[in-house]
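S.K.: In my numbering, the protein residues as written are 8 to 255. Backbone N, C-alpha and C fix where the C-beta goes; we use that ideal spot for every residue, glycine too. Got a structure for you, written out below as structure tokens; questions coming shortly.
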Ligand SMILES: C[S@@+](CC[C@H](N)C(=O)[O-])C[C@H]1O[C@@H](n2cnc3c(N)ncnc32)[C@H](O)[C@@H]1O
């Protein structure tokens with residue numbers, strides 16, 4: 008199984024449980040939708056969403072742009088079905104690897120994606136390909152994780168000299184824009200409190216965000232217990248959120 012298939016399978020397994028732990032994701036979706044509304048010069052006729060998950064952003068977009076045609080996509084069929092259950096006939100649905108949207112018929116006045124692109128192997132390449140689907144004047148608005156995300160979890164591993172399986176996330180500046188693209192980034196830090204390291208690890212697993220970075224092997228149980236022990240009194244976990252925009 009490829010790394011990408013394992014990412015999709017992890018989200019598929021957790022599709023039913025995702026919303027129960029997705030407080031930050033819900034908040035980011037709301038903020039991203041507000042940004043899109045404030046930045047678009049006119050209501051979009053066609054919207055493409057990448058990595059829609061259970062439809063948290065999709066629902067905001069459907070409300071904000073009632074006349075728009077929505078094409079909602081995700082790499083996980085089970086996640087996509089959750090969105091279909093939320094929005095029904097209001098949208099079209101397609102299983103798509105958002106990193107490789109080749110073959111999709113554009114053009115979209117808005118392409119949106121909330122907290123999915125941190126799973127991409129080649130972010131600049133994906134942004135270039137997605138930008139190619141924008142209509143003239145269109146906007147690609149996304150939220151993804153920045154380098155400061157989960158710093159506390161990384162620090163607990165580092166303090167014990169243990170490797171951490173989290174993926175590497177980009178800096179806000181310099182952000183890895185594709186060549187020739189003019190984009191903007193705004194960043195914010197959202198903090199979520201967990202009663203213990205174990206509670207945080209369980210929440211990540213419940214979200215489906217459990218596939219480690221390529222090449223990382225799970226820690227032996229004894230080493231993992233040391234990390235959990237270090238965080239037994241509770242942990243405040245930072246989500247460093249990057250809101251990006253490419254304007255065509
Ligand atoms: C953390 S969830 C976010 C879901 C939703 N956008 C939200 O804000 O709640 C990440 C989603 O990205 C999807 N995803 C991961 N890699 C993807 C890819 N290459 N193409 C499309 N979707 C992908 C996952 O299946 C999952 O539904």
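Is it buried or exposed, residue 248, if we count other Cβ atoms within 10 angstroms and call 16 or more buried?
M.R.: Counting from one through the chain shown, the residue named residue 248 turns up at place 241. Its Cβ being crowded by 16 or more others within 10 Å, residue 248 is buried.
S.K.: Quick one: any contact between the region 28-46 and the region 83-101, if contact means 3 or more CB pairs under 8 Å?
M.R.: no
S.K.: With a threshold of 6 Å, establish whether the CB of residue 116 neighbours any heavy atom of ligand 1.
M.R.: The residue you call residue 116 lines up with position 109 of the chain shown. Not under cutoff, so the answer is no.
S.K.: What does the alpha-carbon distance come out to for the pair residue 246 and residue 125?
M.R.: Locating residue 246 in the chain shown gives position 239, where the first residue counts as 1. Locating residue 125 in the chain shown gives position 118, where the first residue counts as 1. Each residue's alpha carbon lies about 12 Å from the other.
S.K.: Tell me whether residue 218 is buried or exposed, calling it buried when 16 or more other Cβ atoms sit within 10 Å of its Cβ.
M.R.: Here residue 218 corresponds to residue number 211 of the chain shown, with the count starting at 1. Residue 218 is buried by the Cβ-count criterion.
S.K.: Just how far apart, CA to CA, sit residue 2 and residue 104?
M.R.: For residue 2 there is no data in the structure shown, the boundaries of the chain being 8 and 255.
S.K.: Count the CB pairs spanning the region 229-248 and the region 161-179 that are closer than 8 Å, and state whether there are at least three.
M.R.: yes
S.K.: Shorter than 6 Å, the distance from the beta carbon of residue 82 to the closest heavy atom of ligand 1, or not?
M.R.: As a first step, residue 82 is located in the chain shown; it is residue number 75 there, counting from the start. Yes.
S.K.: Kindly indicate which three-state DSSP category residue 60 falls into: helix, strand or coil?
M.R.: Walking along the chain shown from the start, residue 60 turns up at place 53. Residue 60 falls in the coil class under three-state DSSP.
S.K.: Identify which residue in 14, 54, 228, 12 has its Cα closest to the Cα of residue 114.
M.R.: In the chain shown, residue 114 corresponds to position 107, counting from 1. Closest by alpha carbon: 54.
S.K.: What first and last residue would you give for the beta strand (DSSP E) that runs through residue 143?
M.R.: Along the chain shown, one-based indexing puts residue 143 at 136. Looking at the DSSP string, the run of the beta strand (DSSP E) that includes residue 143 is 141-152.
S.K.: Determine whether the beta carbon atoms of residue 215 and residue 32 lie at a separation below 7 Å.
M.R.: As a working note, residue 215 is residue 208 in the chain shown. As a working note, residue 32 is residue 25 in the chain shown. No, the pair does not count as a contact, with Cβ atoms beyond the cut-off.
S.K.: Cα separation between residue 206 and residue 144?
M.R.: Reading the chain shown from its first residue, position 199 is the one you call residue 206. Reading the chain shown from its first residue, position 137 is the one you call residue 144. So the alpha carbons of these two residues sit roughly 44 Å apart.
S.K.: Would you mind working out which of 211, 155, 156, 138 sits nearest residue 185, comparing C-alpha positions?
M.R.: As a first step, residue 185 is located in the chain shown; it is residue number 178 there, counting from the start. Nearest C-alpha to residue 185: 138.
S.K.: Which same chain residues, not among the five before or five after residue 201, have their C-beta less than 7 Å away from its C-beta?
M.R.: Sequence index remark: in the chain shown, residue 201 carries index 194 (1-based). 207, 210, 241, 242, 244.
S.K.: Spatial neighbours of residue 163 within its chain, please: CB distance less than 6 Å, with the 5 preceding and 5 following residues excluded, ordered by chain position.
M.R.: Translated into the one-based positions of the chain shown, residue 163 becomes position 156. So the qualifying residues of the chain are 234, 237, 238.
S.K.: Which residues bound the beta strand (DSSP E) around residue 243?
M.R.: Reading the chain shown from its first residue, position 236 is the one you call residue 243. 242-254 is the extent of the beta strand (DSSP E) around residue 243.
S.K.: Compute the distance between the beta-carbons of residue 51 and residue 72, then report whether it is under 7 Å.
M.R.: On the chain shown, residue 51 is found 44 positions in, with the first residue counted as 1. On the chain shown, residue 72 is found 65 positions in, with the first residue counted as 1. Yes. Within cutoff.
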